[in-house]
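Protein chains in written order, with the working numbering: chain A, 420 to 531; chain X, 121 to 235.
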């Protein structure tokens, strides 16, 4: 199956700093999503981005499908950005459904 | 527009017992997937239901079973609970049969503790 690796595993930032989170995947994918998991466990959709670049406020994401990686940029970080960021992918094969394979996550702590 | 809902929020069981978790998909969605998230790890896919049938299954034993109802809601059942089944169980829904370009939306999860 597809392997997904995220880096760095842990990140500590001072409020206001910028950061880049990376997601590498081992095979071609049809879908890639970025999530933020809050301290209560809720997975919040950030981006659906199988290719290209998208921006939403202070967050932006870029996926280079041909090189099998995606980047999540957080600018001017705030304490509310703390939590775990997950990258998840799937490859649509033979109408088998859209099972997501998750990376191990990047645990972000933003200090005031 | 209601999002994905799950019940109960928390659950404590003892080894050997059976548990049922419930999920209602986002309005307009017809496909439900279940994931298990152990502490400190990413979610792992358990199975997906579409048209009331299990369409795809991850690497989980037969102790894990499920059901989808005509209104698209779903249940996850776990028999003969083990300590290792302690985890956050997440339900996700998507539309159009979970197509290749569809986005999955997750519920708040059920935190199961097995003592």
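Just so you know, even glycine gets a beta-carbon here, dropped at the ideal spot from N, CA and C. If you're wondering where the values come from, they're calculated on a predicted model, not measured in any experiment.
If I'm right that residue i touches residue j with Cβ under 8 Å, what's the distance once you round it to whole angstroms?
i	j	result
residue 226 of chain X	residue 212 of chain X	5 Å
residue 505 of chain A	residue 162 of chain X	6 Å
residue 209 of chain X	residue 141 of chain X	5 Å
residue 510 of chain A	residue 519 of chain A	Wrong, their Cβ atoms sit about 11 Å apart, outside the cutoff.
residue 449 of chain A	residue 469 of chain A	6 Å
residue 432 of chain A	residue 503 of chain A	Between residue 503 of chain A and residue 432 of chain A the Cβ distance is about 14 Å, and since that is not below 8 Å, they are no contact.
residue 489 of chain A	residue 480 of chain A	6 Å
Got a sec: is the Cβ-Cβ distance from residue i to anything in chain A below 7 Å?
i	result
residue 125 of chain X	no
residue 148 of chain X	no
residue 205 of chain X	no
residue 145 of chain X	no
residue 222 of chain X	yes
What would DSSP say about residue i, mapped onto helix, strand or coil?
i	result
residue 436 of chain A	coil
residue 232 of chain X	strand
residue 129 of chain X	coil
residue 174 of chain X	strand
residue 200 of chain X	coil
residue 429 of chain A	strand
residue 223 of chain X	coil
residue 158 of chain X	coil
residue 212 of chain X	strand
residue 499 of chain A	helix
residue 480 of chain A	strand
Just checking residue i against the ligand NAD - is the residue's beta carbon closer than 6 Å to any of the ligand's heavy atoms?
i	result
residue 496 of chain A	With respect to small molecules bound, the structure shown includes none, and the ligand NAD cannot be examined in it.
For residue i, count neighbouring Cβ atoms within 10 angstroms of its own Cβ and tell me buried if that reaches 16, exposed if not.
i	result
residue 499 of chain A	exposed
residue 483 of chain A	exposed
residue 200 of chain X	exposed
residue 507 of chain A	buried
residue 222 of chain X	buried
residue 525 of chain A	buried
I want to see whether chain X comes within less than 7 Å of residue i, judged by CB atoms only; does it?
i	result
residue 517 of chain A	yes
residue 461 of chain A	yes
residue 420 of chain A	no
residue 524 of chain A	yes
Inset, instruction - Please confirm if the segment 129-138 of chain X is in contact with the segment 150-169 of chain X, defined as three or more CB-CB distances below 8 Å between the two stretches. - result: no
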